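The sequence shown maps to residues 88 to 262 in our numbering.
First up is the structure itself, then whatever we jot down about it.
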Amino acid sequence: MVIKIGVSACLVGHRVRYDAEDQHNPLVERQLASCFELIPICPEVGAGMAVPRPPIQVIQGRAGIRLCEVDDHTHDVTQQLRRYAQHVISELAPELSGFVFKSRSPSCGIDDTPRFDEDDQLLLSVGAGLFAGMLMKQFPSLPVIDECKLEQPQQCREFIRRVREYAKEKRINHR
Ligand code: SF4
Numbered sequence: 088m089v090i091k092i093g094v095s096a097c098l099v100g101h102r103v104r105y106d107a108e109d110q111h112n113p114l115v116e117r118q119l120a121s122c123f124e125l126i127p128i129c130p131e132v133g134a135g136m137a138v139p140r141p142p143i144q145v146i147q148g149r150a151g152i153r154l155c156e157v158d159d160h161t162h163d164v165t166q167q168l169r170r171y172a173q174h175v176i177s178e179l180a181p182e183l184s185g186f187v188f189k190s191r192s193p194s195c196g197i198d199d200t201p202r203f204d205e206d207d208q209l210l211l212s213v214g215a216g217l218f219a220g221m222l223m224k225q226f227p228s229l230p231v232i233d234e235c236k237l238e239q240p241q242q243c244r245e246f247i248r249r250v251r252e253y254a255k256e257k258r259i260n261h262r
């Protein structure tokens with residue numbers, strides 16, 4: 088049975104970034120395409136955002152994080168992205184055995200996305216992007232990695248091992 092893993096679509100050459108470019112990283116396909124079926128997902132385009140589009144950033148407020156346009160914080164896309172993330176979580180994620188995310192992205196980062204204060208003056212912290220954060224919360228044992236960590240041979244091997252293990256456990260539980 089083919090093991091499926093999600094991948095941020097820009098990493099496999101889809102021109103879905105805010106500037107209509109990609110972030111193609113040949114390593115992702117070189118290391119993983121022979122082992123797994125890669126399922127490209129761009130949460131921002133999936134949520135209905137245009138290409139190109141104004142860049143967004145994570146704002147850390149008292150009530151939690153919001154995703155807003157960098158130049159216009161009144162344009163808030165948090166709910167739009169949340170709805171799409173919920174859709175992926177219920178429809179697609181149960182088929183996946185891992186996910187390769189784009190680092191530092193407001194949607195896709197797993198632990199290194201910058202979070203700013205409301206005035207956009209201060210970098211308060213780093214953390215997960217909205218989509219990756221929701222997916223990881225819902226599926227805490229799903230193996231995830233970003234393309235920077237994938238460049239470390241040991242982390243890459245460990246990710247592949249964990250994906251295979253996760254897929255095996257999923258098969259056993261569904262018997
Ligand atoms: S939302 Fe994710 S997949 Fe889409 S362009 Fe940004 S980093 Fe890439």
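Backbone N, C-alpha and C define an ideal beta-carbon position, used for all residues, glycine too.
Only a predicted model underlies this, so the values are computations on that prediction, with no experimental measurement involved.
Legend entry - Glu234 classed as buried or exposed, judged by whether at least 16 other C-beta atoms fall within 10 angstroms: The residue you call residue 234 lines up with position 147 of the sequence shown. Buried.
Legend entry - Inter-stretch contact at 8 Å, needing at least 3 Cβ pairs: the segment 140-147 / the segment 171-186: The segment 140-147, when compared against the segment 171-186, does not touch it at the 8 Å Cβ threshold.
Legend entry - Span of the alpha helix (DSSP H), counted from its first residue to its last, around Ser263: This structure cannot speak to residue 263, because the chain is shown only from 88 to 262.
Legend entry - Arg251 versus Pro193 - alpha carbon distance: Locating residue 251 in the sequence shown gives position 164, counting from the first residue. Locating residue 193 in the sequence shown gives position 106, counting from the first residue. Arg251 and Pro193: Cα-Cα distance of roughly 28 Å.
Inset, instruction - State buried or exposed for Val175, treating a residue as buried only when at least 16 other CB atoms are found within 10 Å of its CB. - result: Here residue 175 is taken as the residue at index 88 of the sequence shown, counted from 1. By the 10 Å Cβ count, Val175 comes out buried.
Inset, instruction - Please confirm whether any heavy atom of the ligand SF4 lies closer than 8 Å to the CB of Ile128. - result: Counted from its first residue, the sequence shown places residue 128 at position 41. Ile128 has its CB nearer than 8 Å to a heavy atom of the ligand SF4.
Legend entry - DSSP three-state assignment for Arg140, whether helix, strand or coil: Here the question's residue 140 lines up with position 53 in the sequence shown. Coil, per DSSP.
Inset, instruction - Taking only heavy atoms of the ligand SF4 into account, decide whether any of them is closer than 8 Å to the Cβ of Glu131. - result: For this step, residue 131 is matched to residue 44 along the sequence shown. Because some heavy atom of the ligand SF4 lies under 8 Å away, the Cβ of Glu131 counts as near it: yes.
Legend entry - the ligand SF4 heavy atom lying under 8 Å from the CB of Leu237: What you label residue 237 is simply residue 150 of the sequence shown in a count that begins at 1. Incorrect: Leu237 has no Cβ contact closer than 8 Å to the ligand SF4.
Inset, instruction - Let me know the secondary structure DSSP gives Lys236 once reduced to three states. - result: In the sequence shown, the residue the question calls residue 236 occupies position 149. Lys236 falls in the helix class under three-state DSSP.
Inset, instruction - Give a yes or no on whether the C-beta atoms belonging to Ser95 and Cys129 are separated by under 9 Å. - result: As a working mapping, residue 95 is identified with position 8 in the sequence shown. As a working mapping, residue 129 is identified with position 42 in the sequence shown. Yes, the pair counts as a contact, with Cβ atoms nearer than the cut-off.
Legend entry - Per DSSP, cross-strand counterpart(s) of Lys91: Position 4 of the sequence shown, counted from the first residue, corresponds to residue 91. Beta-bridge partners assigned by DSSP to Lys91: Glu124, Leu183.
Inset, instruction - Would you mind reading off the limits of the beta strand (DSSP E) that contains Glu156? - result: Position 69 of the sequence shown, counted from the first residue, corresponds to residue 156. Counting along the chain, the beta strand (DSSP E) containing Glu156 begins and ends at 151-156.
Inset, instruction - Say yes only if the C-beta of Tyr105 is nearer than 8 Å to one or more non-hydrogen atoms of the ligand SF4, and no if none qualify. - result: Here residue 105 refers to the residue found at position 18 of the sequence shown. At least one heavy atom of the ligand SF4 sits closer than 8 Å to the Cβ of Tyr105.
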